[in-house]
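Undergrad: Before anything else, here's the structure in question.
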Amino acid sequence: MAQTKTIYTCQSCGAQSPKWLGKCSACNEWNTYVEEIVEKKQSTGKLSVQISGNQPITLENIEMARTQRISVGIEEFNRVLGGGIVPGSLILLGGDPGIGKSTLALQLALGLNGKKILYISGEESLQQIKLRAERLSNAKSNCLFLSETSLEHIIAQSEQAKPELLIIDSIQTISTELIESSPGSVGQVRECTSAILKFAKKNHVAVVLIGHITKEGSLAGPKVLEHMVDTVLQFEGDTNYMYRILRSNKNRFGSTNELGIFEMRSDGLREITNPSEQLISKVNVDVSGTAIAATVEGVRPFLIEIQALVSSAAYGTPQRSSTGFDLRRLNMLLAVLEKRAGFKLIAKDVFLNIAGGLKINDPATDLAVICSILSSNIDIAINHKICFAGEVGLTGEIRAVSRIEQRIAEAAKLGFSRIYVPTLNKGFDASKFKIDIVKVSRVEEVFKTIF
Ligand code: TYD
Ligand code: MG
Numbered sequence: 004m005a006q007t008k009t010i011y012t013c014q015s016c017g018a019q020s021p022k023w024l025g026k027c028s029a030c031n032e033w034n035t036y037v038e039e040i041v042e043k044k045q046s047t048g049k050l051s052v053q054i055s056g057n058q059p060i061t062l063e064n065i066e067m068a069r070t071q072r073i074s075v076g077i078e079e080f081n082r083v084l085g086g087g088i089v090p091g092s093l094i095l096l097g098g099d100p101g102i103g104k105s106t107l108a109l110q111l112a113l114g115l116n117g118k119k120i121l122y123i124s125g126e127e128s129l130q131q132i133k134l135r136a137e138r139l140s141n142a143k144s145n146c147l148f149l150s151e152t153s154l155e156h157i158i159a160q161s162e163q164a165k166p167e168l169l170i171i172d173s174i175q176t177i178s179t180e181l182i183e184s185s186p187g188s189v190g191q192v193r194e195c196t197s198a199i200l201k202f203a204k205k206n207h208v209a210v211v212l213i214g215h216i217t218k219e220g221s222l223a224g225p226k227v228l229e230h231m232v233d234t235v236l237q238f239e240g241d242t243n244y245m246y247r248i249l250r251s252n253k254n255r256f257g258s259t260n261e262l263g264i265f266e267m268r269s270d271g272l273r274e275i276t277n278p279s280e281q282l283i284s285k286v287n288v289d290v291s292g293t294a295i296a297a298t299v300e301g302v303r304p305f306l307i308e309i310q311a312l313v314s315s316a317a318y319g320t321p322q323r324s325s326t327g328f329d330l331r332r333l334n335m336l337l338a339v340l341e342k343r344a345g346f347k348l349i350a351k352d353v354f355l356n357i358a359g360g361l362k363i364n365d366p367a368t369d370l371a372v373i374c375s376i377l378s379s380n381i382d383i384a385i386n387h388k389i390c391f392a393g394e395v396g397l398t399g400e401i402r403a404v405s406r407i408e409q410r411i412a413e414a415a416k417l418g419f420s421r422i423y424v425p426t427l428n429k430g431f432d433a434s435k436f437k438i439d440i441v442k443v444s445r446v447e448e449v450f451k452t453i454f
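One rule links them: number in the numbering used here = place in the sequence shown (from 1) + 3.
What follows is the structure, encoded as C-alpha cells:
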C-alpha cells in the first residue's frame with residue numbers, strides 16, 4: 004500500500020524540508036519552497052530484475068490507432084489546434100482575467116453536439132453558468148455541468164460520467180485534500196494537473212484546463228505545468244477592445260503557427276474569418292499619421308492599420324509610448340530615423356498605436372511604423388491605397404521578410420494599388436499579382452517616393 008505525506012522542496016536546488024522555509028538553507032534562494040506529495044512505496048529491499056511491463060519494439064511494429072480528432076463547432080479553434088481536439092490530450096487555455104476564457108470554453112461545450120461533455124466550474128455557480136449560456140446564441144446542448152472545487156470529487160464524477168471532453172474552469176480554483184496549501188498555490192496546481200493528466204491518459208478523455216495569467220504575464224503555476232500538458236493555448240487581446248487572438252504556444256499534435264481571431268460581442272465570441280477588412284478603418288482615409296502594414300501572424304496574412312502621433316514635447320524629456328508594438332523596437336526605429344535619415348525627432352513626443360488593440364510581433368511591420376511616424380511628423384497623409392512590408396535594420400536598410408507572396412496576395416485581394424517590399428526578397432513572380440510592387444532597399448528611398 005502506498006502511503007502519502009507531503010514535503011517541501013526547493014524549486015531551485017531540490018533541497019527538501021518537512022516545513023516551509025522562506026530562504027533555502029542549501030542554495031540561499033528566497034521563496035522557492037513548494038509543497039509536494041511524496042508517496043512512500045513499501046520496498047522489499049531488493050532490486051527487482053523481472054522482465055515485465057512494456058517491451059521495446061521497432062517503429063514498423065508500432066500499431067497506429069487512427070486518432071479521430073474531435074472537431075469542435077468553432078473553426079478558428081480547430082485550426083489553432085491543428086484540426087480539432089485529440090482524444091486523451093490535455094489542453095491548457097490561458098489568458099488574462101476577463102479576456103473571455105470562460106466564454107470560449109462554454110461556447111465550445113455548447114457548440115459540440117452529439118459528444119458527451121462535462122463542464123466543471125470552480126469559479127461560477129450553476130446559475131451563473133446558465134445566465135451566461137443564455138447570452139450565447141446556441142444554448143441547446145446535452146453538455147453536463149457541475150460546480151465543484153475538490154479534485155477528488157471532480158475525478159470521481161468524471162469517472163462516473165465518462166465524458167469525451169472534460170472542461171475545467173479553472174485549475175487555480177481546484178484543490179486536493181492531500182496538500183495543505185491553498186488553491187492556486189504552485190504545489191496545488193501541480194498536483195491537481197498531474198492527477199487530471201493521469202485521469203485523461205487512462206480514460207482517453209480530452210481535457211481543456213483553463214489557467215490564469217500572473218502579473219508577470221506567464222501562466223500562473225510553475226513552468227512545469229506547461230511541460231505537463233500537450234497543448235498550451237493563449238487567449239489574448241486588450242479588454243477595452245473587442246478583438247481577441249487565440250495562439251498556441253506549444254502543440255504536440257500540430258503546428259504553433261496558426262492563430263484564431265475572434266470578436267467579443269454581446270452574444271459571445273464570434274469568429275473573424277476576414278481580419279484585414281475588419282482591422283482597417285474606412286474612416287481614416289488620407290489622414291496623416293496612418294500607414295497600413297501587410298503582416299503575417301503565424302501563417303496568416305492580414306493588413307493592419309498603424310497609427311502614429313508626433314508632437315512637440317511638452318516636457319524636457321520627450322515621451323515615447325506604444326500600444327501593441329514593442330516599445331524598445333519603437334525606440335530603435337526612431338534612432339535609425341534620426342541617425343540614418345536625418346529626421347529630427349529628438350524633441351518630439353511619439354505615440355504609436357496598433358488598431359484594434361492587437362499585439363503585433365511581426366518585424367515586417369517596421370516599415371509601416373516608420374512611415375506612419377514620418378507622415379505624422381510632416382503632417383502629410385500617405386495614400387490609403389498603399390501598404391508596406393519590410394523589416395528595418397540598424398543601418399536603415401530594408402531587410403527581407405518571410406511569406407512575401409502571401410502578404411502581396413492579401414494586399415492585392417483587398418484592392419490596394421501599391422505595396423512596398425524589400426529588394427532583398429527575391430524569387431517570386433511579381434507579374435501574377437494585380438498590384439504595383441515597389442522594391443526598396445533603404446528607408447530614404449521609401450520616403451522619396453511616398454510623399
Ligand atoms: P469571461 O469569459 O468571464 O472571462 P475570463 O473567464 O477570461 O475571466 O468574459 C469576460 C468578459 O466578456 C466580461 O467582462 C463580459 C464579456 N462578455 C461579453 O462581452 N459578451 C458575452 O456574451 C459574454 C458571455 C461576456
Ligand atoms: Mg472565467
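Cβ coordinates follow ideal geometry from the N, Cα and C atoms, glycine included.
Under the DSSP definition of a beta bridge, which residues are partnered with residue 390?
TA: Beta-bridge pairing links residue 390 to 295, 422.
Undergrad: Below 6 Å CB to CB, which residues in the same chain sit around residue 152 once its five sequence neighbours on both sides are set aside?
TA: Contacts found: 125, 176, 177.
Undergrad: Alpha carbon to alpha carbon, how far is residue 23 from residue 309?
TA: Whole-angstrom Cα-Cα distance: 50 Å.
Undergrad: Hey, is the segment 239-251 in contact with the segment 128-148, meaning 3+ C-beta pairs nearer than 8 Å?
TA: Judged by Cβ distances under 8 Å, the segment 239-251 makes no contact with the segment 128-148, as fewer than three pairs qualify.
Undergrad: Who are the Cβ neighbours of residue 74 in its own chain at under 7 Å, not counting the five residues just before and after it?
TA: For residue 74, where only same-chain residues beyond five positions count, the Cβ hits under 7 Å are 81, 87.
Undergrad: For residue 30 versus residue 20, is the C-beta spacing smaller than 7 Å?
TA: The answer is no: Cβ separation not under 7 Å.
Undergrad: Evaluate residue 215 with the Cβ neighbour count: other Cβ atoms within 10 Å of its Cβ, from every protein chain shown; 16 or more gives buried, anything less gives exposed.
TA: Buried, by the Cβ-count rule.
Undergrad: Where does residue 191 land, buried or exposed, given buried means 16+ other C-beta within 10 angstroms?
TA: That one is buried.
Undergrad: Looking at residue 315 and ligand 2, is the gap between the Cβ and the nearest heavy atom below 6 Å?
TA: Because no heavy atom of ligand 2 lies under 6 Å away, the Cβ of residue 315 does not count as near it: no.
Undergrad: Give a yes or no on whether the C-beta atoms belonging to residue 317 and residue 351 are separated by under 7 Å.
TA: No. Outside cutoff.
Undergrad: Do you know offhand how far residue 8's Cα is from residue 233's?
TA: For residue 8 and residue 233, the distance between alpha carbons rounds to 28 Å.
Undergrad: With which residues is residue 215 paired in a DSSP beta bridge?
TA: DSSP lists 98 as partners of residue 215.
Undergrad: If we count the other Cβ atoms within 10 Å of its Cβ and call it buried at 16 or more, is residue 156 buried or exposed?
TA: Label assigned to residue 156: exposed.
Undergrad: Can you tell me whether residue 150 sits near ligand 2, meaning its C-beta is under 6 Å from at least one heavy atom of the ligand?
TA: No.
Undergrad: Pick out the complete beta strand (DSSP E) segments inside the segment 84-128, 3 residues or longer, and give them in chain order.
TA: Listed in chain order, they are 93-98, 120-124.
Undergrad: Please state if the CB of residue 446 and the CB of residue 399 are separated by a distance shorter than 7 Å.
TA: Yes, the pair counts as a contact, with Cβ atoms nearer than the cut-off.
Undergrad: Residue 409 to residue 304, Cα distance in whole Å?
TA: For residue 409 and residue 304, the distance between alpha carbons rounds to 6 Å.
Undergrad: So, are the CB atoms of residue 37 and residue 210 less than 7 Å apart?
TA: Going by C-beta atoms, residue 37 is not nearer than 7 Å to residue 210.
Undergrad: Using the beta-carbon count (16 or more within 10 Å), is residue 387 buried or exposed?
TA: Counting Cβ neighbours within 10 Å, residue 387 comes out buried, since at least 16 surround it.
Undergrad: Less than 7 Å between CB atoms is the rule here; does residue 330 satisfy it with respect to chain D?
TA: Checking the listed chains, one finds no chain D in this structure; it contains a single protein chain.
Undergrad: Any heavy atom of ligand 1 inside 6 Å of the beta-carbon of residue 114?
TA: Outside the cutoff, so no.
Undergrad: Given a threshold of 16 other Cβ atoms within 10 Å of its Cβ, counted over all protein chains shown, does residue 159 qualify as buried or as exposed?
TA: Residue 159 is exposed by the Cβ-count criterion.
Undergrad: Could you check the C-alpha separation between residue 17 and residue 25 for me, to the nearest Å?
TA: C-alpha separation (whole angstroms): 15 Å.
Undergrad: Give the straight-line distance between the Cα atoms of residue 261 and residue 85, rounded to the nearest whole angstrom.
TA: Answer to the nearest angstrom: the Cα atoms are 8 Å apart.
Undergrad: Span of the beta strand (DSSP E) holding residue 356?
TA: Looking at the DSSP string, the run of the beta strand (DSSP E) that includes residue 356 is 351-357.
Undergrad: Whole angstroms are fine: how far does the CA of residue 289 sit from the CA of residue 343?
TA: Roughly 27 Å between the two C-alpha positions.
Undergrad: Touch check for the segment 332-340 and the segment 424-444: three-plus C-beta pairs under 8 Å?
TA: Too few Cβ pairs lie closer than 8 Å, so no.
Undergrad: Could you tell me if the beta carbon of residue 104 falls within a distance shorter than 6 Å of some heavy atom in ligand 1?
TA: Yes, ligand 1 has a heavy atom inside 6 Å of this Cβ.
Undergrad: Pop quiz: residue 205 and residue 229 are said to be a contact at Cβ under 8 Å. What is the actual Cβ separation, rounded to whole angstroms?
TA: Between residue 229 and residue 205 the Cβ distance is about 22 Å, and since that is not below 8 Å, they are no contact.
Undergrad: Measuring only the C-alpha atoms, how far is residue 366 from residue 375?
TA: Distance between the alpha carbons of residue 366 and residue 375 is about 15 Å.
Undergrad: Buried or exposed: residue 67, going by 16 or more other Cβ atoms within 10 Å of its Cβ?
TA: Residue 67 comes out exposed.
Undergrad: How is the alpha helix (DSSP H) around residue 193 delimited, first residue to last?
TA: Here the alpha helix (DSSP H) through residue 193 covers 189-206.
Undergrad: Please check the pair residue 391 and residue 412, which I expect to be a contact at CB under 8 Å, by giving their CB distance rounded to whole angstroms.
TA: Contact flag wrong, Cβ pair sits at about 15 Å.
Undergrad: Near residue 347, what residues of its chain come up, given a Cβ to Cβ distance below 8 Å and the 5 sequence neighbours on each side ignored?
TA: So the list reads 341, once near-sequence residues are dropped.
Undergrad: Roughly how many angstroms lie between the CA atoms of residue 380 and residue 312, to the nearest whole one?
TA: About 8 Å.
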